[in-house]
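These notes concern the structure reproduced below.
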Amino acid sequence: MSDLNETIRSLYTALIDADSRAEIHRSVCQALTTIDRVDAAWIGTVDHDRNVVEPAAQAHLPPEFLDDQSFSLADDRPAPEAQVADERTVVDVDRIPVGVHEEPWRNTALIHGFRSVVAVPIRHEELFYGTLTVYSTETDALDERTTRLLEEFGTLVGFVTNAVERRDAFGDDQMVDLTVDVEPGEEDVCVALASRLETTVEVGNVTRRNRNSHVLHCSIDDVDPGTVTDVVAEIPGLESIRPLSESASTAYELVVVDQCVASRAVPISALLRSIRVTPTNCQIVFSVPEYRDYQRFLEQVRDVFSAATLVAKRQASEAGSVPVPELLEASLSEKQDEALRTAYHSGYFDDDRKRTGAEIATSLGIAQPTFSKRLRSAQRDLLAAILESDSL
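Counting from 1, position 331 in the sequence shown corresponds to residue 1168 in the working numbering; the numbering is continuous, with no gaps.
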């Protein structure tokens, strides 16, 4: 147990500094095989066209094992890796020899000397990145506590993978805008709001308030503000609506409890451009690097939503000498970014300031001095990045 904890601690820093998914996969497999009674480890990703788990990296597996074993999700008695990919749950087999005649994968594992296996999903929130599997040549090799730690490790690897992909999405010069139709479900707060008001809801900003709620800044056109605020009690999960403007294209701040289409879209490894929700349709525009595998990206969106259809693709508009998303990502902490974006979308910087710092702090669930400190430091760091840039 102690060596597993030590492995996870030592890997954390290395994973955060990883430059690619391939580097993450290699580091993980090599590290796990240093743990007592773990004889081999491998990471697989799902090929959705063939419906199989394919190897991405491995350490200490026999040369023929991956070729001899079937990892098809369509098998009647699928291997642990395929079970994880299909059900997104942990598979722990203490004694591979038991039931060897009923499940072909057990026989293949035995031929190569393995007696126990644990397979866990690699995931971040609703996103699924693949499978992480460790094998042992001993039966009952990994106890329940170790299995739980491996599951947590799969979540850690998923988090780091997401961070690397999001960094790449924000930092690439050649970007493509992908317009995707999704189906968040009729009970989604944004869908319910658009349906009740019979209008379009456009989300311009999403900020996590705490673990269970988010602040959304939206545009709701051609509806009387009183009508908008009156629907709060009718929509489960909608805590409050506050108008921020009295113009024809009215801006609102929504506090949403639990998840909605906007908050669910944020972890997807892409730059979120816009979310447009009508009573009959929900459309999201993502920006991704031009080299991105679009089909694989759509599968990631489908991990979050029940269906996703690519309806448009176009070259993103040319950025300036310093790409704004990259500048924000590189210059500001997550808390600074939240404070700056929320202040902007709340009308804090308008000539006729629509909200005070105290009001915005309340929306974010923090103290007013904390908000002011984060906002000032965000402005300072962003200005420093702009004014000290060699490219200007």
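We put the CB at the ideal spot given by N, CA and C, even for glycine.
Top-ranked residue by Cα proximity to residue i, from the options
| i | options | result |
| --- | --- | --- |
| Pro794 | Thr1199, Cys1097, Thr1087, Glu924 | The requested residue 794 is not part of the displayed model; the chain covers only 838 to 1229. |
| Gly1184 | Cys1055, His961, Ser953 | Cys1055 |
| Glu1071 | Arg1048, Ala1031, Arg1046, Val1038 | Ala1031 |
| Gln1132 | Asn842, Val1141, Thr1146 | Thr1146 |
| Leu1219 | Asp1174, Ile1203, Gly1202 | Asp1174 |
| Glu924 | Arg960, Ala946, Trp942 | Arg960 |
| Pro934 | Thr926, His949, Pro1021 | His949 |
| Tyr972 | Ser1209, Arg982, Val957, Leu964 | Val957 |
| Met1012 | Glu1127, Pro1206, Leu1201, Pro1116 | Glu1127 |
| Ser953 | Ala896, Gly991, Ala877 | Ala877 |
| Ile1203 | Ala1221, Ala1176, His885 | Ala1176 |
| Ser1048 | Arg1033, Val1092, Asp1014 | Note that residue 1048 is Arg in the sequence shown, not Ser. The candidate whose alpha carbon is nearest that of Arg1048 is Val1092. |
| Thr1037 | Val1060, Arg985, Glu963, Arg1045 | Val1060 |
| Arg1003 | Leu1165, Gln1216, Glu891, Ala1221 | Leu1165 |
| Leu910 | Leu903, Ala919, Asp854, Val955 | Ala919 |
| Asp904 | Gly936, Ile872, Trp942 | Trp942 |
| Lys1191 | Arg1110, Leu1081, Thr1117, His938 | Leu1081 |
| Ala893 | Leu969, Glu1136, Pro1206, Gly991 | Leu969 |
Continuous beta strand (DSSP E) stretch holding residue i: start and end
| i | result |
| --- | --- |
| Arg1046 | 1038-1047 |
| Thr1064 | Segment 1062-1067 is the alpha helix (DSSP H) holding Thr1064; no beta strand (DSSP E) there. |
| His1182 | Taken as a continuous stretch (DSSP letters only), His1182 belongs to no beta strand (DSSP E), being part of the alpha helix (DSSP H) at 1171-1182. |
| Ile959 | 953-961 |
| Ser1111 | 1108-1114 |
| Thr926 | First-last for Thr926: undefined, no H or E at that position. |
| Thr882 | 877-884 |
| Ile1203 | Taken as a continuous stretch (DSSP letters only), Ile1203 belongs to no beta strand (DSSP E), as it is neither H nor E. |
| Leu1075 | 1075-1080 |
Coil, strand or helix - residue i by DSSP
| i | result |
| --- | --- |
| Arg1133 | helix |
| Val994 | helix |
| Ala896 | strand |
| Leu903 | helix |
| Cys1027 | helix |
| Phe1186 | coil |
| Tyr1128 | coil |
| Arg985 | helix |
| Gly1022 | coil |
| Ala1156 | Low local confidence applies: a pLDDT of 46 at Ala1156 is under 50, so the model's placement there is unreliable, and no value is given. |
| Lys1191 | coil |
| Val937 | coil |
| Leu1034 | helix |
| Thr976 | coil |
| Ala1145 | strand |
| Asp1014 | strand |
| Thr1117 | coil |
| Arg874 | coil |
| Phe908 | coil |
| Ala1000 | helix |
| Glu1139 | The sequence given here places Arg at residue 1139; Glu does not occur at that position. Note: Arg1139 maps to helix in three-state DSSP. |
| Ala1088 | strand |
Local Cβ density within 10 Å of residue i, reported as buried at 16 or more and exposed below that
| i | result |
| --- | --- |
| Leu1229 | Because Leu1229 sits at a pLDDT of 33, beneath the cut-off of 50, its placement in the model cannot be relied upon, and the point is left open. |
| Gly995 | buried |
| Gly967 | buried |
| His1182 | buried |
| Gly1157 | Caution applies to Gly1157, whose pLDDT of 44 falls short of 50 and renders its modelled position unreliable; the value that the coordinates give is listed next. When all chains shown are included, Gly1157 counts as exposed. |
| Ser1106 | buried |
| Phe1208 | buried |
| Thr926 | exposed |
| Ala868 | buried |
| Gly1022 | exposed |
| Gly936 | exposed |
| Leu979 | buried |
| Leu947 | exposed |
| Pro1104 | buried |
| Glu843 | exposed |
| Phe1142 | buried |
For residue j and residue i, believed in contact at Cβ under 8 Å, the rounded distance
| i | j | result |
| --- | --- | --- |
| Ser1124 | Ala1149 | Not a contact, Cβ separation roughly 13 Å. |
| Val1019 | Ile1121 | 6 Å |
| Val1040 | His1051 | No, Val1040 and His1051 are not in contact; Cβ-Cβ is about 10 Å, not under 8 Å. |
| Gln906 | Ala916 | 6 Å |
| Val1114 | Val1017 | That belief does not hold up - the Cβ atoms of Val1114 and Val1017 are roughly 13 Å apart, past 8 Å. |
| Cys866 | Ile880 | 6 Å |
| Asn999 | Leu964 | 6 Å |
| Ile1078 | Thr1066 | 5 Å |
| Val997 | Ile1112 | Going by Cβ atoms, the distance from Val997 to Ile1112 rounds to 26 Å, so no, they are not a contact pair. |
| Leu1108 | Ala1006 | 5 Å |
| Ser1200 | Glu1076 | With 8 Å as the limit, Ser1200 and Glu1076 do not qualify as a contact, their Cβ atoms being about 11 Å apart. |
| Val1138 | Asp1025 | Between Asp1025 and Val1138 the Cβ distance is about 15 Å, and since that is not below 8 Å, they are no contact. |
| Arg932 | Thr983 | That pair is no contact at about 16 Å. |
Check: residue i C-beta below 7 Å from any heavy atom of the ligand GTP
| i | result |
| --- | --- |
| Ala877 | This structure does not include the ligand GTP; it has no bound ligands of any sort. |
Extent of the continuous alpha helix (DSSP H) to which residue i belongs
| i | result |
| --- | --- |
| Ser864 | 858-869 |
| Ser973 | Unbroken run through Ser973 is the beta strand (DSSP E), 964-973; no alpha helix (DSSP H). |
| Gly950 | Per DSSP, Gly950 belongs to no alpha helix (DSSP H) and is neither H nor E. |
| Leu1053 | Unbroken run through Leu1053 is the beta strand (DSSP E), 1050-1058; no alpha helix (DSSP H). |
| Ser1100 | 1098-1102 |
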